[in-house]
Amino acid sequence: MRFGIIGCGVIAPTHGNAIKAVPGAEIAAVADVLPEAGKKFAAEFGVKEVLTDYRELLKRKDVDAVCICTPSGMHAEMAIQAARAGKHIVCEKPIDINKKAMDAMLAEVEKAGVKFTGIFQRRMGKNSRRIKAAIEAGEFGRMVLADAYLKYYRSQDYYRSASWRATWEMDGGGALMNQGVHGIDLVQWLMGGIKSVTARCATLARQIQVEDTAVILVEFKNGALGVIEGTTSVYPAQETRLELHGEKGSVILKESSILQWQLVGQEDRAAEFATEDKAGGSGDPKQIGFAGHIAIIEDLIDAVKTGRDPFITGDEARKAVDLILAIYESSRSGKTVTL
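Residues in the sequence shown are numbered from 1339 upward in steps of one, following my numbering.
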């Protein structure tokens, strides 16, 4: 499968490395409005075709699928144009930043009959899937509590590095929408969805439009309660940590490693589960691993070949965005918001 990459900024090399690592996948062309960015990426990954207009990339017959790696507020329109051009789509998180845009995008994808997948690589880890299966099988009994600690660090220089960062118009939010979205997606997926949120978001450490610190009280659809903490304001950054508790036992996931897996009357089984490659990025977005991206690229290719849906469909990929928008609404209104 021949990929085109749209947007050659910070996250693009992660996609480039993932595509290079997948047999039967290659990068045919890249596009970026900044010629120097496109040329730099092309030189690093051995890509011959460099364009400044993504619409020209979409016209190419040697491009089967695209990776959309542009600012968040551009995702929906680019995905719509890609679908109309008959290209399969890998869209970075968040898939967009408002409901109407996501509605329009996913409707166009369905109409075109192309495959669409979102980048939520934490779902792809073996340990994440083990936990999901165990919860669904009732191994931990009734789930009663689930907490997600997403304590990232981003400096003021990071926010100054691009004018779209930390703006409502193009980033759609701050610590939650850009950085914490992965952990938010993971906890809601593992627990089977979220019913309501009561939130407080604030800007405490950075000179930005959006939140750098947030705390959310969560009620899950299964009746469990929990807390989500998301920041880009704490130093040093902490590794992503999820603590999930049922009436019969608990599991703790730190990045992609299981620190605890213990049921009533049994020994802790955490040592049975191998440490996986870290998703990373809590302190530096350039340190994000690409093992999860490899799995997503492989999954998309197989979905195209077999005709099945990707593991992370558009409807699944939008859940974290809908949740974060509800969190912002709760913070603004001071009220509990039901999804």
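Don't be surprised by glycine CBs; every beta carbon is placed ideally from N, CA and C.
Quick check: residue i and residue j, are their CB atoms within less than 7 Å of each other?
i: leucine 1582; j: valine 1589; result: yes
i: lysine 1586; j: phenylalanine 1478; result: yes
i: tyrosine 1392; j: alanine 1414; result: no
i: alanine 1366; j: glycine 1342; result: yes
i: valine 1535; j: serine 1410; result: no
i: threonine 1578; j: glutamine 1517; result: no
i: leucine 1396; j: alanine 1363; result: no
By the DSSP assignment, the beta strand (DSSP E) with residue i in it spans what residues?
i: lysine 1592; result: 1587-1592
i: threonine 1551; result: 1551-1558
i: serine 1534; result: 1532-1540
i: leucine 1389; result: 1387-1389
i: phenylalanine 1458; result: Careful: phenylalanine 1458 lies outside any beta strand (DSSP E) and carries neither H nor E.
i: alanine 1403; result: 1403-1406
i: isoleucine 1335; result: The chain is shown from 1339 up to 1677; residue 1335 falls before or after that span and cannot be answered.
Please state whether DSSP places residue i in a helix, a strand or coil.
i: arginine 1467; result: helix
i: arginine 1393; result: helix
i: glycine 1384; result: coil
i: glutamate 1364; result: strand
i: isoleucine 1522; result: helix
i: isoleucine 1427; result: strand
i: arginine 1579; result: strand
Check the DSSP bridge columns for residue i and list the partner residues they point to.
i: serine 1571; result: Tyr1491
i: glycine 1584; result: Met1481 and Gly1587
i: histidine 1413; result: Note: histidine 1413 sits in no beta bridge, so no partner.
i: glutamine 1598; result: Ile1590
i: threonine 1676; result: Ser1534
i: leucine 1563; result: Leu1483 and Glu1557
The alpha helix (DSSP H) that contains residue i, what's its start and end?
i: threonine 1644; result: 1629-1644
i: glutamate 1446; result: 1437-1450
i: isoleucine 1357; result: 1350-1359
i: valine 1659; result: 1657-1671
May I ask you to check if the CB of residue i is nearer than 6 Å to at least one heavy atom of the ligand MN?
i: alanine 1486; result: This structure lacks the ligand MN, and indeed carries no ligand of any kind.
Please decide whether residue i counts as near chain D, where near means a Cβ-Cβ distance under 7 Å.
i: phenylalanine 1341; result: The structure shown contains no chain D; it is built from a single protein chain.
Query raised in the report: Can you list the beta strand (DSSP E) stretches of 3 or more residues lying completely in the stretch 1487-1518, in chain order?
Result: none
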